[in-house]
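**Q** Sequence lines, in order, name chains A and B. Under the numbering used here, the letters of the first sequence match residues 1 to 34, in that order. Under the numbering used here, the letters of the second sequence match residues 35 to 482, in that order. Yeah, the Cβ is synthetic: ideal placement off N, Cα and C, and Gly gets one too. I have a structure I would like to understand better, so I am pasting it below and will then ask my questions one at a time.
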Amino acid sequence: ASETKTRKWEQKQVQIKTLEGEFSVTMWASGTDD
Amino acid sequence: RRKRTAEMEGSYDWTPQLIEHGFCAAPVSCFKHAPISEIWDDITVGMKVEVENTDCDEVCEAFPDSFWVATVLRISGYRALLRYEGFGHNAEKDFWVSLCSNDIHPVGWCATIGKPLIPPNTIANKYKDWKDFLKRRLTGARTLPTDFYNKVNDSMKSRFRCGLQLEVVDKNRISQVKVATIQKILGKRLHVRYYDSPPDDNGFWCHEDSPLIHPVGWSRKIGQTLDAYPDYLERMSKKQYSEDDATEDIFIVPKNHTIPGFKFQEGMKLEAIDPLNLSAICAATVMRVLRKEFIMIRIDSYDEDASGADWFCYHSCSPCIFPIGFCAQHGLPLTPPKGYDPTTFTWDSYLTETNTIPAPIHLFNPEVPQHGFIEGMRLEAADLMDPRLVCVATITRVIGRLLRVHFDGWEDEYDQWLDCQSPDIYPVGWCDLVDHKLEGPRVINKTT
């Protein structure tokens, strides 16, 4: 627990489904621990 | 969706207070022991999430639990104010959720389980094709990490389990520890039962990071008085452990900050939070020096008790003990020794009269963490005089790392001085998150 971890914001492709059809967008999400 | 337990009946709901002008909840990141505290700064206002769409009727018949995208407008503790995407400045359908509940999801979650997003009724006719709108609103925006709920679940897991045996400060004789067994764990708070307690005894509650609990064999190692059954004493003397013994590896070890060659000594005077009245800081005496930097102190204002039953064990790095003059330096009232008048008491004359010396300042923990708490912040706090209760509270004073926690609706005499890293304080929404009952502010019924 005392380890220092750095978290990054990462770009990710996110799939969206609507009644009109599917598409993908690029969003940001907090990423993996270093 | 979580089932509400019977214990949650009557639990206080913060929601009406969250929208009050000036309401300020202490941020989750201030509570290092609280679930997902370490990643809390990754959750921000403006972030997009997928959440159940409750503004629907006919469409919902085809999709019984439809979802839509919402934006986080405000964060208060674990609670967030959300607005469905497409409402613009219309606050009509804004709603509060618990950010760690399974009611909200990262954007993209619905598509992974084949659910289409369905716009709320109020705005359903605003656009012919919602794809373009959502593309514009979501591209480049932030959302929760896909593994968010794994992180929430992992951070809620206790290091302990029911049935483990440990050594716990004896609530009826604070100078000793007593063997106890964990009966229940709720939000990493342990409900323990002393080995010899009668059936009507409610046992004792404390957080798993509490300095009041210790591994088996601790008292023997430290030199603290232990109350245990004969078989336990025999096993400890032979260092024979069972699988139901809570061992050192799952306890918090106090950090040692002492300078080699300098130690507390018996008879030294200091100021200390009264373990039996946490609203008071009192003149105190080091009664015994134990091993591994633990000391037994006695509050000088207590009635005479030659048995030593009222001594209390603090680690020398405890943030609850202070060098003499601490209260005067910060304008706080000091409870003087028994028989002394608080208006005329001075340390100088008391030290002379008792022929004692103050504990040198360099023996005390000088660390003041960057904690982020400020006066007026709201939180949930265990009532340490009845620690099965967690109550709504406000920080009314901050002195370095020391916090004065006031229980809403109660007189100041019930306040508690607590360290900023105390595991007994929690963010707004913690009780709801872990299914612990939250005691609301005391309401006094006024009769006319």
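Please confirm whether R176 (chain B) has its beta-carbon closer than 8 Å to some beta-carbon of chain A.
**A** Yes, R176 (chain B) counts as interfacial toward chain A.
**Q** How would you call F328 (chain B), buried or exposed, if buried means at least 16 neighbouring beta carbons within 10 angstroms?
**A** Looking at its Cβ environment, which holds 16 or more other Cβ atoms inside 10 Å, F328 (chain B) is buried.
**Q** Hey, how far is the Cα of Y460 (chain B) from the Cα of C354 (chain B)?
**A** The alpha-carbon atoms of Y460 (chain B) and C354 (chain B) are separated by roughly 19 Å.
**Q** Expressed to the nearest angstrom, what Euclidean distance is found between the alpha-carbon atoms of T292 (chain B) and P357 (chain B)?
**A** Near 14 Å, if we compare the C-alpha coordinates of P357 (chain B) and T292 (chain B).
**Q** Please confirm if the region 333-342 of chain B is in contact with the region 389-400 of chain B, defined as three or more CB-CB distances below 8 Å between the two stretches.
**A** No: fewer than three Cβ pairs fall under 8 Å.
**Q** Quick check on A1 (chain A): does DSSP put it in helix, strand or coil?
**A** For A1 (chain A), the pLDDT reaches just 38, beneath the cut-off of 50, and the residue's location in the model is therefore unreliable, leaving the point undetermined.
**Q** From V211 (chain B) to W252 (chain B), what does the alpha carbon distance come to, in whole angstroms?
**A** If I take the Cα positions, the gap works out to 9 Å.
**Q** If distances are taken between C-alpha atoms only, which option among B:W143, B:Y112, B:I73 comes closest to S100 (chain B)?
**A** Checking every option, the nearest Cα to that of S100 (chain B) belongs to B:W143.
**Q** Kindly list the residues whose CB is nearer than 7 Å to the CB of P457 (chain B), restricted to its own chain and excluding five residues on each side of it in sequence; keep chain order.
**A** Excluding positions up to five away in sequence, the list reads H67, H241, D243, S244.
**Q** Put R35 (chain B) into one of helix, strand or coil per three-state DSSP.
**A** Caution applies to R35 (chain B), whose pLDDT of 42 falls short of 50 and renders its modelled position unreliable; the value that the coordinates give is listed next. R35 (chain B) falls in the coil class under three-state DSSP.
**Q** Would you mind working out which of B:P403, B:V424, B:G120 sits nearest V432 (chain B), comparing C-alpha positions?
**A** Minimum Cα distance to V432 (chain B) is reached at B:P403.
**Q** How many angstroms separate the CA atom of A306 (chain B) from the CA atom of S350 (chain B)?
**A** When rounded, the distance between both Cα atoms is 12 Å.
**Q** Please work out which residues of its chain come closer than 6 Å, Cβ to Cβ, to D75 (chain B), disregarding the five sequence neighbours upstream and downstream, and give them in chain order.
**A** Hits under 6 Å: S63.
**Q** Nearest-angstrom Cα distance between C425 (chain B) and D449 (chain B)?
**A** So the two alpha carbons sit approximately 12 Å from each other.
**Q** So the candidates are B:M411, B:F285, B:N290, B:L418; which of them puts its Cα closest to the Cα of F57 (chain B)?
**A** That would be B:M411, whose Cα lies nearest to the Cα of F57 (chain B).
**Q** Taking F167 (chain B) as the reference, give the member of A:E20, A:W28, A:G31 with the closest Cα.
**A** Closest by alpha carbon: A:E20.
**Q** Residues of chain A with CB under 7 Å from C144 (chain B), in chain order?
**A** Near C144 (chain B) (Cβ distances below 7 Å), the residues of chain A are K17.
**Q** Count the other CB atoms, across all protein chains shown, that sit within 10 Å of the CB of K326 (chain B); report buried if there are 16 or more and exposed otherwise.
**A** Classification for K326 (chain B): exposed.
**Q** With C-beta atoms as the reference, is V203 (chain B) less than 8 Å away from A262 (chain B)?
**A** No, these two residues do not count as a Cβ contact at 8 Å.
**Q** Figure out for me which residue from B:I333, B:L310, B:L312 has the closest Cα to the Cα of T319 (chain B).
**A** It is B:I333 whose Cα lies nearest to the Cα of T319 (chain B).
**Q** For M34 (chain B), which residues does DSSP report across the bridge?
**A** This structure gives no information on residue 34 (chain B), because the portion of chain B shown stretches from 35 to 482.
**Q** Between the C-alpha atoms of N187 (chain B) and E72 (chain B), what's the straight-line distance to the nearest angstrom?
**A** So the two alpha carbons sit approximately 14 Å from each other.
**Q** Which same chain residues end up closer than 7 Å to P69 (chain B) when comparing Cβ atoms and leaving out the 5 residues on each side of it in sequence?
**A** So the list reads C134, V186, S189, M190, L467, once near-sequence residues are dropped.
**Q** For a minimum of 3 consecutive residues, which ranges assigned as the beta strand (DSSP E) are wholly contained in the region 385-438 of chain B?
**A** Listed in chain order, they are 412-416, 424-433.
**Q** If I measure Cβ to Cβ from E10 (chain A) and keep anything under 8 Å in the same chain, skipping five residues before and after, which residues do I get?
**A** Excluding positions up to five away in sequence, the list reads W28, A29, S30, G31, T32.
**Q** To the nearest angstrom, how far is it from the Cα of E43 (chain B) to the Cα of L220 (chain B)?
**A** Their Cα atoms are separated by approximately 16 Å.
**Q** Using 8 Å as the threshold, is the C-beta distance between L324 (chain B) and G257 (chain B) below it?
**A** Closer than 8 Å, so yes.
**Q** Is P245 (chain B) close to chain A, meaning its C-beta is less than 8 Å from at least one C-beta of that chain?
**A** So no, P245 (chain B) is outside the interface.
**Q** Just to check, is the beta-carbon of K255 (chain B) closer than 7 Å to a non-hydrogen atom of the ligand MG?
**A** As far as ligands go, the structure on display features none, and thus does not contain the ligand MG.
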